[in-house]
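Heads up, our numbering is the position in the sequence shown plus 358, with the first residue counted as 1. Note that CB positions come from ideal geometry on N, CA and C, so glycine has one too. It should be emphasised that the depicted structure is a prediction, and the values quoted were computed from it without experimental measurement.
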Amino acid sequence: MVASKRSVSTRSSRRTVAGGSNAEPNVYQQMLVEAGVSTPDQSATERPLKRRRPEPRQEVNRETETVSSQKHPQPDAQESDEDGDEDIEFQDVIIPVPTVQTMELGSDDDDDDDDDDDDEALQFQNVDFTAPLAEPSTSTEQNSHLELNLTAQKAATSPFKRHGERRRPISKEERERRIDIHKTHLVCLLSHVSRRNHWCNDARVQESLRPHLNEKTVNYLTPSPRLPQFGQAESLKNGLKQSVEMWKTKFVITERGIRRALWAEDVTQLQDYEPPTDMDSCLDRAEFREASKRLQGSRDVGAQLYCAMLRSVGVRARLVCSLQPLACVSGGPTLPRHISAKPVSKTTTKQRAQEALAKYEALAASTSASSGSSGTSTARRRLGHPNATTYNFEPKSAPPGSQRTYNDPVRIRESAHPIYWVEVLDEGHQKWQPVDPVVTHSFWKPKVFEPPITDRENSLSYVVAFEADGTAKDVTRRYAKAYTAKSRKLRVETALNDNGEWWRKAMKPFGRRRATDLDQIEDNELAGVEAQEPMPKNVQDFKDHPVYALERHLRRHEVLAPEARPSGTISAGSRGLLEKIYRRKDVRIARSADKWYRMGREVKPNEIPAKWVPSRARPKDARNDDAETHREDDAGVPVYTTEQTELYEPPPVRNGRVPKNKFGNIDAYVPSMIPRGGAHIIHKHAARAAFMVGVDYAPALTGFSFKGRHGTAVLNGVIVAEEFQEAIWLAIDGMEDVEQEMENERKSLAALKMWRRLLTGLRIRERIWSGVDEEERKEADREAEMEAELANAESDVTDEFDMVVDDDEGGGFLME
359 MVASKRSVST
369 RSSRRTVAGG
379 SNAEPNVYQQ
389 MLVEAGVSTP
399 DQSATERPLK
409 RRRPEPRQEV
419 NRETETVSSQ
429 KHPQPDAQES
439 DEDGDEDIEF
449 QDVIIPVPTV
459 QTMELGSDDD
469 DDDDDDDDDE
479 ALQFQNVDFT
489 APLAEPSTST
499 EQNSHLELNL
509 TAQKAATSPF
519 KRHGERRRPI
529 SKEERERRID
539 IHKTHLVCLL
549 SHVSRRNHWC
559 NDARVQESLR
569 PHLNEKTVNY
579 LTPSPRLPQF
589 GQAESLKNGL
599 KQSVEMWKTK
609 FVITERGIRR
619 ALWAEDVTQL
629 QDYEPPTDMD
639 SCLDRAEFRE
649 ASKRLQGSRD
659 VGAQLYCAML
669 RSVGVRARLV
679 CSLQPLACVS
689 GGPTLPRHIS
699 AKPVSKTTTK
709 QRAQEALAKY
719 EALAASTSAS
729 SGSSGTSTAR
739 RRLGHPNATT
749 YNFEPKSAPP
759 GSQRTYNDPV
769 RIRESAHPIY
779 WVEVLDEGHQ
789 KWQPVDPVVT
799 HSFWKPKVFE
809 PPITDRENSL
819 SYVVAFEADG
829 TAKDVTRRYA
839 KAYTAKSRKL
849 RVETALNDNG
859 EWWRKAMKPF
869 GRRRATDLDQ
879 IEDNELAGVE
889 AQEPMPKNVQ
899 DFKDHPVYAL
909 ERHLRRHEVL
919 APEARPSGTI
929 SAGSRGLLEK
939 IYRRKDVRIA
949 RSADKWYRMG
959 REVKPNEIPA
969 KWVPSRARPK
979 DARNDDAETH
989 REDDAGVPVY
999 TTEQTELYEP
1009 PPVRNGRVPK
1019 NKFGNIDAYV
1029 PSMIPRGGAH
1039 IIHKHAARAA
1049 FMVGVDYAPA
1059 LTGFSFKGRH
1069 GTAVLNGVIV
1079 AEEFQEAIWL
1089 AIDGMEDVEQ
1099 EMENERKSLA
1109 ALKMWRRLLT
1119 GLRIRERIWS
1129 GVDEEERKEA
1139 DREAEMEAEL
1149 ANAESDVTDE
1159 FDMVVDDDEG
1169 GGFLME
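So, in structure tokens, the structure goes:
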């Protein structure tokens, strides 16, 4: 039943031909099934067709109603009851302005995506697939109230990717706290590795591990010194190959080793944090000895036991550890946050619960019916397939005595790169070569130990090697592929900017008193590896690089020298512009004229500034709006390099007169700023002595003391003519002598006062006891001593706090 003839779009006609007159498309039924909604019977009320929006709105609606009432009279009551959707078919509703809707693949309109005009002209109804379908009798009432919600659809199909939460930059106090924690963690890790290295020298551990090496392997590991260098190296390689293969088959990993320490961005992340249950349980020497017998534990223990086994046969081996401290810089990985589940609608949750319950009941019924008295339902259920219950599966019990004496190997998710490994000395070439018998099963390959920067469980920043005598050496440069560009930025020397002074101090207790020839050879090798490091291939690696620099990474007070020549070019991406690479030695420090003056230098006349530095942003001052406006309009501060300045020469002292500034003092920030013919006298009485002598002087301004935003001038001593220097020092000596005499006189007066008080007290005592007998005086003295002892003794706790007070009495007071 149609009210008036309307031109049906191509979209509607195609749907009608493909799916029938009013039949639901198959794709729509599939969507309903995937959403968990049961489809109604085919005899249900037909779905009304989608209609084009009438144009114009009001006039067309009125005409349509008139024509429909004339050409098509209303049906009787019986027909209206059978159809059920008469009101929707004959009523035109003013449709709001259409909103752009994004359709997903798999809908019933995929075949019409090329018809853009029809998509814009049609208005679609939003169907909630998660809600159950209504009964046929109530479909009219539900279809009359339709809502279109595209918020979730837009959020799900937004063309722009949502970036993660932006990490807040840490404050200065937090940065200093992280550096202190980083230092403490490093010291603790060094102590831990030193203790493990000491365990590797245990005689009982080596005695347990020595039988695992046969005589052939031992001969390979300890080549004869009469062999040439090549022969000794090849013999050692063969021995290491055989020992690594043996260790690979015998040692079993059952626990988790050391992993990278991560920061928590929020305190709430640590409230529910629990360490892994499979952590390394080897915590003392007794457990280490037990692990040497069972040959199982974490992979860290495996490397340590392998080191002990090599030492047991006379091989000079070092225990190497990649320390994993808490990062001292920001930007590293953090503890994963607890992701809360997304809220689900009540209808969906209820339906899923009902479906899961129905599946469980059906599975339980089928299992109980097929199992019968076999009693194997639990084993079959673990198979995870509904048809598995048709098989007669009866698990066989393990025969007695077949149980293992050690735990089965457990698959533990850890980093693909080791934390502990071993270094073996190649005596023929006097070089230390790495060996990893547990993780990578490699040897003689130092570049396979560095993990990628994306590894959350391992970071190569500090690699320390411990020898059998307890000495240690930092060998990070041997294993880092880009030590200067990447690894150095993760270390404490970059955060402190002290050129590694603190780290050398921390490693000093583990160093040798006198360096051997082997140590010197190794130091030269590591220095050569660092010097041969190639130029970085990433723009970010050039930041704070000690050898190379990009112009974009220069600080406010850094400029390039005029004679600087580029050493290469690099681009930020395939479409980025080429940037020139300069040497760090061509970077110059530039300062303003005021800062150069405080360093005792002044800018040469007619010098062009090296660059203009923008003024720093300062908080607005409501009382000085003009000054703030002038500051914003300022072009910046000109800065100059050292070559553009010269040594400052103040006006000389003439005829005993010292030149002064407008504040009545003289600037003496550095010793070179003292005027010629003048002398700087630093003493607290210098100004008073110069005044007493009667010579001209000027207080020396040596700096400023800043408290908050205000600076206070610091005056230290005076500047006088050089010929008056001796006279002023003599006056100062005289003033010190007078001060000393006054201090001595003050002390003598205080002593005389105390003596006078003592003598007065003795005279009073003698006058009181003048008419008393000797025995009576002694008795009084004893009583006085006893009272003094009682007064000085500790007071015992009285019983008045523990007394039970009777209510009938007054508790020590008289009752009225």
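Return the CA-CA distance between residue i and residue j, expressed in angstroms with no decimal places.
i: Ala922; j: Arg941; result: 8 Å
i: Ala826; j: Arg771; result: 31 Å
i: Glu880; j: Val833; result: 9 Å
i: Pro972; j: His915; result: 11 Å
i: Val551; j: Val822; result: 9 Å
i: Ala492; j: Pro694; result: In this predicted model, Ala492 has a pLDDT of only 46, less than 50, meaning its place in the structure is not dependable enough to derive any value.
i: Ile966; j: Ala1047; result: 46 Å
i: Arg769; j: Asp813; result: 19 Å
i: Pro1010; j: Ser1063; result: 28 Å
i: Met1112; j: Glu1094; result: 27 Å
i: Ala1179; j: Arg674; result: Because the chain here runs from 359 to 1174, residue 1179 falls outside it and cannot be looked at.
i: Gln346; j: Cys665; result: The requested residue 346 does not occur in the structure, where the chain is confined to residues 359 to 1174.
i: Met1144; j: Ala1138; result: 10 Å
i: Lys803; j: Trp790; result: 11 Å
i: Gly522; j: Gln564; result: Any reading at Gly522 must be qualified, since the residue scores a pLDDT of 49, below 50, and its modelled position is unreliable; no value is offered.
i: Leu1148; j: Ala1142; result: 10 Å
i: Gly690; j: Glu1001; result: 41 Å
i: Ser650; j: Gly672; result: 18 Å
i: Val654; j: Gly660; result: Val is not the amino acid found at residue 654; the sequence shown has Gln there. Straight-line Cα distance between these residues: approximately 7 Å.
How would you call residue i, buried or exposed, if buried means at least 16 neighbouring beta carbons within 10 angstroms?
i: Ile1090; result: buried
i: Thr542; result: exposed
i: Ser819; result: buried
i: Phe1049; result: exposed
i: Asn572; result: exposed
i: Asn816; result: buried
i: Phe609; result: buried
i: Thr612; result: buried
i: Ala711; result: exposed
i: His1068; result: exposed
i: Lys847; result: buried
Would residue i pass as a contact of residue j if the rule is Cβ separation under 7 Å?
i: Lys1028; j: Tyr1055; result: It is worth fixing the name first, because residue 1028 is Val in this sequence and not Lys. Not in contact: Val1028 and Tyr1055 (Cβ atoms no closer than 7 Å).
i: Trp779; j: Val678; result: yes
i: Gln662; j: Arg554; result: yes
i: Leu548; j: Pro683; result: no
i: Thr1060; j: Ala1037; result: no
i: Tyr1006; j: Glu960; result: yes
i: Arg849; j: Tyr841; result: no
i: Pro792; j: Glu808; result: no
i: Ser670; j: Arg562; result: no
i: Lys938; j: Thr927; result: yes
So who's on the other strand from residue i, going by DSSP bridges?
i: Cys546; result: Paired residue(s): none; Cys546 is not in a bridge.
i: His1068; result: Lys1065
i: Ser300; result: Because the chain is modelled from 359 through 1174, residue 300 falls outside the range shown and cannot be assessed.
i: Arg676; result: Glu781
i: Ser950; result: Val997
i: Glu960; result: Glu1004
i: Arg1012; result: Arg1015
i: Asp642; result: DSSP lists no partner for Asp642.
i: Lys789; result: Asp784
Residues in the same chain with beta-carbon distance under 7 Å from residue i, minus the five sequence neighbours each way, listed in chain order, please.
i: Thr798; result: Pro776, Val806
i: Pro1057; result: Asn1023, Ala1045, Leu1073, Val1076
i: Lys1018; result: Ile1024, Ala1056
i: Phe824; result: Val551, Ser552, Asn555, Arg676, Leu677, Ala830
i: Asp658; result: Gly615, Ile616, Asp638, Ile777, Tyr778
i: Trp954; result: Glu960, Val961, Tyr998, Thr1003
i: Asp624; result: none
At a cut-off of 6 Å, is residue i close to the ligand FMN when judged by its beta-carbon and the heavy atoms of the ligand?
i: Ala823; result: In the structure shown, the ligand FMN is absent, as is every other ligand, since no ligand is present at all.
Less than 6 Å between C-beta atoms, sequence neighbours within five positions excluded: which residues of the same chain meet that for residue i?
i: Thr635; result: none
i: Ala685; result: none
i: Gly869; result: none
For residue i, collect the residues of the same chain with a Cβ closer than 8 Å to its Cβ; drop the 5 residues on either side in sequence, then sort them by chain order.
i: Arg1114; result: none
i: Trp970; result: Ala993, Gly994, Val995, Pro996, Val997
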